[in-house]
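2 protein chains.
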Amino acid sequence: MHPGMNIRSRQILEAVIEDYITTAEPIGSGAVRSRHGLSLSSATIRNVMAELEETGFLASPHTSAGRIPTEKAYRFYIDSLLAVGSVDRSEREEIRKRCCMTGKDVDGVFREVSQALSSVSHYMGIVAAPRFNSNLFRQIDFIRLGARRVLAILVSQSGSVQNRIIELQEDVAATELQKMANYLNSMLHGLTIAAVKSRILKEMENEKIRYDNLLANALKLSQQAFDEAGAELFIEGQTNIFDLPEFADAEKMKSIFRAMEQKSQLLVLLDSCLQAPGVNIFIGSESHLNCMTGMSLITSTYVSGRNTLGVLGVIGPTRMGYSKVIPIVDYTAKMLTKLLHND
Amino acid sequence: MHPGMNIRSRQILEAVIEDYITTAEPIGSGAVRSRHGLSLSSATIRNVMAELEETGFLASPHTSAGRIPTEKAYRFYIDSLLAVGSVDRSEREEIRKRCCMTGKDVDGVFREVSQALSSVSHYMGIVAAPRFNSNLFRQIDFIRLGARRVLAILVSQSGSVQNRIIELQEDVAATELQKMANYLNSMLHGLTIAAVKSRILKEMENEKIRYDNLLANALKLSQQAFDEAGAELFIEGQTNIFDLPEFADAEKMKSIFRAMEQKSQLLVLLDSCLQAPGVNIFIGSESHLNCMTGMSLITSTYVSGRNTLGVLGVIGPTRMGYSKVIPIVDYTAKMLTKLLHND
DNA sequence: CATTAGCACTCAGCCTTTCGGAGTGCTAAT
DNA sequence: ATTAGCACTCCGAAAGGCTGAGTGCTAATG
Numbered sequence: 001m002h003p004g005m006n007i008r009s010r011q012i013l014e015a016v017i018e019d020y021i022t023t024a025e026p027i028g029s030g031a032v033r034s035r036h037g038l039s040l041s042s043a044t045i046r047n048v049m050a051e052l053e054e055t056g057f058l059a060s061p062h063t064s065a066g067r068i069p070t071e072k073a074y075r076f077y078i079d080s081l082l083a084v085g086s087v088d089r090s091e092r093e094e095i096r097k098r099c100c101m102t103g104k105d106v107d108g109v110f111r112e113v114s115q116a117l118s119s120v121s122h123y124m125g126i127v128a129a130p131r132f133n134s135n136l137f138r139q140i141d142f143i144r145l146g147a148r149r150v151l152a153i154l155v156s157q158s159g160s161v162q163n164r165i166i167e168l169q170e171d172v173a174a175t176e177l178q179k180m181a182n183y184l185n186s187m188l189h190g191l192t193i194a195a196v197k198s199r200i201l202k203e204m205e206n207e208k209i210r211y212d213n214l215l216a217n218a219l220k221l222s223q224q225a226f227d228e229a230g231a232e233l234f235i236e237g238q239t240n241i242f243d244l245p246e247f248a249d250a251e252k253m254k255s256i257f258r259a260m261e262q263k264s265q266l267l268v269l270l271d272s273c274l275q276a277p278g279v280n281i282f283i284g285s286e287s288h289l290n291c292m293t294g295m296s297l298i299t300s301t302y303v304s305g306r307n308t309l310g311v312l313g314v315i316g317p318t319r320m321g322y323s324k325v326i327p328i329v330d331y332t333a334k335m336l337t338k339l340l341h342n343d
Numbered sequence: 344m345h346p347g348m349n350i351r352s353r354q355i356l357e358a359v360i361e362d363y364i365t366t367a368e369p370i371g372s373g374a375v376r377s378r379h380g381l382s383l384s385s386a387t388i389r390n391v392m393a394e395l396e397e398t399g400f401l402a403s404p405h406t407s408a409g410r411i412p413t414e415k416a417y418r419f420y421i422d423s424l425l426a427v428g429s430v431d432r433s434e435r436e437e438i439r440k441r442c443c444m445t446g447k448d449v450d451g452v453f454r455e456v457s458q459a460l461s462s463v464s465h466y467m468g469i470v471a472a473p474r475f476n477s478n479l480f481r482q483i484d485f486i487r488l489g490a491r492r493v494l495a496i497l498v499s500q501s502g503s504v505q506n507r508i509i510e511l512q513e514d515v516a517a518t519e520l521q522k523m524a525n526y527l528n529s530m531l532h533g534l535t536i537a538a539v540k541s542r543i544l545k546e547m548e549n550e551k552i553r554y555d556n557l558l559a560n561a562l563k564l565s566q567q568a569f570d571e572a573g574a575e576l577f578i579e580g581q582t583n584i585f586d587l588p589e590f591a592d593a594e595k596m597k598s599i600f601r602a603m604e605q606k607s608q609l610l611v612l613l614d615s616c617l618q619a620p621g622v623n624i625f626i627g628s629e630s631h632l633n634c635m636t637g638m639s640l641i642t643s644t645y646v647s648g649r650n651t652l653g654v655l656g657v658i659g660p661t662r663m664g665y666s667k668v669i670p671i672v673d674y675t676a677k678m679l680t681k682l683l684h685n686d
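Listed in order, the protein sequences are those of chains G and C.
Heads up: the first sequence is residues 1 to 343, going by our numbering.
Heads up: the second sequence is residues 344 to 686, going by our numbering.
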């Protein structure tokens, strides 16, 4: 329980927050009274609201407007007041329907899940694909595209496929490439991609192999093939936030789109969620990203066995419908976990 | 030469168009005179401009504003007036620098080219990847992900990689999958993907094969693997158009983003360019897409040998800097052509 | 002593009015 | 044919006024 926060204050704070979430407009004392059947006069509510402003839970845009919740208020709301709802049948249905893999690209699955999140929540859906690095190696293939050009195809245990084009110094025959792939496949079987990388470096030191032209080349090739790629982030439903009144103004739209364009900052934030299993919530500045001003992020992790694979979530305004969205994110993460489980 | 269009009218029309391209504001008779050193009075210019309005080349937003060019004017400008410039050294440099394949994903190459287009033109870059269908088959691979889940990896001659997750009725061993892939690879070698599909259907009719469980299953699998995927369209630099004054208003931003989200309409338009080699220009409504109101599209095709592979281009406002952008699109298309050429 | 009615006060948002400037079309002079 | 001159139009910014929602304070009330 928060100091200086009796039952009545909590009720009023809750009322303000919930009304503000639905209307996006400052809430006045009268509105609290009429919309929540409190047997109090607006004057009393005004007194309480003034108090809540003093303690930092409410703020007023200007003297004669109603009050709006501060980040502190949302935090308190989520930690102490919020009754987390459940996911509607129809929404569950939609998420489930979209969570199917057959006939899709692996990336396509993540994109689809991201779309599901955005469509059900009406905010932006976001899915960070598993870091390729922490995945288990499954297979490598080299395909000769041209005289000096090779396509490397990497497949991980979870089924992610990456491909890289590699330019060579000299021509290599297709049969040679096949041999190289065979050699690498047997050597690297069952290692994590991270381990693969260090193994390749170690092998390259090996005197015997150094003088075997084929193997030396194979290692050089594979080294390029495993070069770190930018982790993939699927953000969908950006146009959803266009309809929110707080982003009606062109300047704010700009800044949000700019922010979503450079995904690296977001990735850092999402990565930090990998350590914290379950649902995480970042309200406004809690994310320490200035691109997230006025926005909140709800995340959850999807796993495979004991391994945390990745993070997904919803980005919306700070006044987002937490009681609805939290269970949606939770449910979707569980669905994706189930989906990725190869029995 | 256009009827009723003498030298002076052309000069004035050109002046209005070029000024409007740089300022985005209606151009008055005075502005034409002062900014273009014409030895004519503004009154004369006014007369000419009134004439140009009659013939449909200019329009005035209201009585006491200057004139803005119509689509007809842009069309005339491009067909008859425009001195197509060349690409600046520094811009060529940037495009060239970005057009490199090593270490990239195949899709990554197209995305990068799209980014190059947007960054150099300051509008939106757009690249349609080659239609998988018209590509030549190179290789198929099946990887067993789990008891009833198989990952199919398709590689085309050009190096595009597609992967599909396929759910099976029953478990299939990895060695079986290998055999299936071998069978398909030898059968389908050198066909176009379109031919592959019909070949598979035909084979499935074959009585002998019908009763060979392995082969029958292989065909069923491959059929799913070759199921049409949405063609890929890479649109980059959407935030560039935020800075254009004509899209400063929130409503217009919305509509553009909505339009870019559903890429299918654009794909149809781009597909139509596949037939017309070289640079194509669609001014405003010429694209017959209402999502392109007020926007123009400049495209060019990239090829491999005699085959047209795909289309790339730039989307900007109708008042875009054609003399700059046309050579950029042209140059980039040629770079991509060169890039994709496997010697 | 907590609660409430009453009241003066504030201020964003909207509407209206005003006004200047940029640009036009027309006419008469060159 | 060209141009100077002039009356006219109309956008858009600036300024003023009004309204209504909402506040804080005070004094009355149970």
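Just so it is clear, CB atoms sit at the ideal spot from N, CA and C, and this is done for glycine as well.
Per DSSP, the bridge partner or partners of G:MET320: DSSP lists no beta-bridge partner residue for G:MET320.
8 Å Cβ cutoff, G:PHE132 in contact with chain C: no
The region 625-643 of chain C touching the region 653-670 of chain C, judged by at least three CB pairs closer than 8 Å: yes
Validate contact between the region 118-125 of chain G and the region 236-253 of chain G using beta carbons, cut 8 Å, 3 pairs: yes
Cβ contact check for the region 161-173 of chain G and the region 437-453 of chain C: 3 or more pairs under 8 Å: Yes, they touch.
C:PRO588 in three-state terms, based on DSSP: In the structure shown, C:PRO588 adopts helical secondary structure according to DSSP, grouped into three states.
Continuous alpha helix (DSSP H) assignments of at least 4 residues falling wholly in the region 512-594 of chain C: 517-531, 536-548, 550-553, 556-568
C:ARG351 classed as buried or exposed, judged by whether at least 16 other C-beta atoms fall within 10 angstroms: exposed
Range covered by the beta strand (DSSP E) that runs through C:SER643: 638-647
Neighbour list for G:MET295 in chain C, Cβ cutoff strictly below 7 Å: Within chain C, no residue comes near G:MET295; the closest Cβ sits about 17 Å away, beyond 7 Å.
6 Å Cβ shell around C:LEU488 - same chain, five flanking residues per side excluded: LEU494
Closer than 7 Å at the beta carbon, the chain C residues around G:ARG149: ASN685
Spatially closest choice to C:GLU561 from C:THR518, C:ARG435, C:ASN623, by CA coordinates: Strictly speaking, residue 561 of chain C in this sequence is Ala, with Glu absent from that position. Selected option, being the one with the closest Cα: C:THR518.
Straight-line gap, C:TYR466 to G:LYS202 (C-alpha atoms, nearest Å): 47 Å
DSSP beta-bridge partners of G:ASP141: G:ILE153
Which of helix, strand or coil DSSP assigns to C:GLY627: It is helical.
Reduced DSSP secondary structure (H/G/I, E/B, other) of G:LEU82: G:LEU82: coil per DSSP, three-state reduction.
Under the three-state DSSP convention, the category C:THR398 falls into: coil
The region 555-571 of chain C in contact with the region 535-543 of chain C per 3-pair CB rule at 8 Å: yes
Below-8 Å beta-carbon distance, C:LEU576 vs any chain G residue: no
Interface flag, C:LEU587 vs chain G, CB-CB below 8 Å: no
Cβ contact (3+ pairs, closer than 8 Å) linking the region 586-599 of chain C and the region 608-628 of chain C: With the cut-off at 8 Å, the region 586-599 of chain C and the region 608-628 of chain C do not touch.
Residues of its chain near C:GLU437, where Cβ-Cβ distance is below 8 Å and the 5 sequence neighbours each way are ignored: ALA459, SER462, VAL463
C-beta atoms of G:ARG75 and G:ILE283 nearer than 8 Å: yes
Supposed contact pair C:VAL375 and C:ILE364 - C-beta distance, whole angstroms, cut 8 Å: Between C:VAL375 and C:ILE364 the Cβ distance is about 14 Å, and since that is not below 8 Å, they are no contact.
Buried versus exposed, by CB contacts within 10 Å (16 or more), C:VAL427: exposed
Host beta strand (DSSP E) of G:ALA31 (start-end): No beta strand (DSSP E) contains G:ALA31, which is instead part of the alpha helix (DSSP H) from 29-36.
CB contact check: C:GLU550 to chain G, cutoff 8 Å: no
Within 8 Å of chain C by C-beta, residues of the region 256-270 of chain G in sequence order: PHE257, ARG258, GLU261
C-beta neighbour in chain C for G:LEU145, strict 8 Å: yes
Residue nearest to C:ASP450 in terms of C-alpha spacing, selected from C:ILE483, C:ALA490, C:ALA574, C:GLU550: C:ALA574
For G:THR70, three-class secondary structure by DSSP: coil
Local Cβ density within 10 Å of C:PRO588, reported as buried at 16 or more and exposed below that: exposed
Secondary structure of G:ARG148, DSSP reduced to three states: Coil, per DSSP.
Straight-line Cα distance separating C:GLY502 from C:SER407: 59 Å
Buried versus exposed, by CB contacts within 10 Å (16 or more), G:ASP212: Exposed.
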